[in-house]
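The block underneath contains the structure these notes are about, expressed in structure tokens.
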Amino acid sequence: MKAAVLEKDARFLQIKEVERPALAAGMVRVKVHACGVCGSDVHLVLHRSMHAKSYPRIPGHESSGVVIEVGENVTRVKPQDRVVVSAGTSCGHCAACKAGRENLCPEVGVLGFDSDGSFAEEVVVPERCLFVFSSHIPFEQAAILADAVSTPYHALRYAGNIKQGDTVAVFGCGGLGIHGVLLARALGASRVFALDVEAGALSNAEKAGANEIIDLSGKSSVGKMNAGKILKEKGGVDLVVDFSGYYSNIEESVRAMNPGGRMVMVGLGRNPLKFAIPATLIFKMISVCGSYGSDSRALPELIDLLEKGKINLAPSITSTHPLEEAQECIEKLENRKGNPIRFVIRP
Ligand SMILES: [Zn+2]
Ligand SMILES: [Zn+2]
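Right, dumping it as structure tokens:
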């Protein structure tokens, strides 16, 4: 089969013919129809700041396709089923996996990093990684559920415990944060603030339904005011979700949080996360937690939201490309050329 392969010290994908992956018991062969290009592919291929478990490796962790062959003992899916392939991999038998919380599994991994992924004509995964969807969802939209949409969904719904009427602040409106804005509205937020330094990202956030756009670049009328002060003046927030990984505004944002507020960290950053005002955390009973990827509770709920038309992912698909353009898409995502949300590969 044809695949995009990353060699150990390369900073580029090579399109080549590789062996079809073997099909063991409990595994399913999926013909890949769509696979999104994610920021972590930029880190894996261009920056080499993220690493695959071994090389050569086929990246691609945000995919959908059609089941073409099932291994022994597979019961959940059958050939012809249209499926979302979850981005996370896990052991499948620990207490966390049995509870549908695979992102807490001690063996948690990522498709395309810890095993070969979907920048290929076929991918083979355990049946528990597959979620069936109906025929009217386009493959591109189903594909991005696997990470770009499910990661913010998990952060809002399961880590952040979003409630009807909450005010929500989304820091960082790239590929994940933009869906944080969209989903916060779909999950009943009364007001969503979108904060970023990039004009293009803020414009995407506005289209996704943000009620207030807050430009933190220092170029706007609010100038160098800190995010916390702005949010406080606007009436405070119940839920803060950080996709930016910068953290510099996060400490101040605690001051803007309403009693019982929740702060969820999703973006990975290098700056220390400090709270100089612990009394505020205590008196207001504010929770701060992390959220990593998603789990098997989230994906069926998201498929349902999409099938019922409660979220519109059409604007998230910036463009579709053949496998041969995977490298070019990763480079365009790095440069943010054309203000992309998701480039999708159609192998
Ligand atoms: Zn990703
Ligand atoms: Zn497990």
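Mapping to the working numbering: the sequence shown position 227 is 396, numbers consecutive. Note that CB positions come from ideal geometry on N, CA and C, so glycine has one too. This one's a predicted model, so the numbers in the text were calculated from it and none came from an experiment.
What's the C-alpha gap between GLY522 and VAL279?
What is shown of the chain runs 170 to 516, which leaves residue 522 out entirely.
Check whether the Cβ of HIS262 lies closer than 8 Å to any heavy atom of ligand 2, and answer yes or no.
yes
Can you have a look at SER218 and say buried or exposed, based on whether 16 or more other CB atoms are within 10 angstroms of its CB?
exposed
In terms of residue numbering, what span does the alpha helix (DSSP H) encompassing LEU502 cover?
495-504
Between which residues of its own chain and VAL301 is the CB-CB distance below 7 Å, once the five residues before and five after are set aside?
The residues are VAL246, ASP250, ARG251, VAL252.
Rounded to the nearest angstrom, how far is the Cβ of GLY240 from that of GLY195, given a contact under 8 Å?
6 Å
Have a look at HIS490, GLY429, HIS216, GLY269 and flag the residue whose alpha-carbon is nearest the alpha-carbon of ALA467.
GLY269
So within the stretch 205-283, which uninterrupted alpha helix (DSSP H) runs reach at least 4 residues, ignoring any that extend past its ends?
208-211, 264-267
Give me, in chain order, the residues of the same chain whose beta-carbon lies closer than 6 Å to that of ALA358; leave out the 5 immediate sequence neighbours on both sides.
ASP335, VAL337
Does the pairing of the stretch 288-298 with the stretch 439-456 give three or more beta-carbon distances under 8 Å?
no
If you measure between the beta carbons of ILE455 and MET434, is that distance less than 9 Å?
No; because the gap between Cβ atoms is not below 9 Å, this pair is not in contact.
Would you report the Cα separation of LYS222 and ALA179, rounded to the nearest angstrom?
15 Å
How many Å lie between MET426 and VAL406 at the Cα?
5 Å
Take GLN333 as the anchor and find which of ALA353, ALA324, GLY349 has the nearest alpha-carbon.
Out of ALA353, ALA324, GLY349, ALA353 has the C-alpha closest to the C-alpha of GLN333.
Under a three-way DSSP split, which group does GLU402 fall into?
Looking at GLU402 - three-state DSSP - the assignment turns out to be helix.
Mind listing, in chain order, the continuous beta strand (DSSP E) runs of no fewer than 3 residues lying wholly within the stretch 432-465?
456-459
Does the Cβ-Cβ distance between ILE347 and ASN373 come in under 9 Å?
yes
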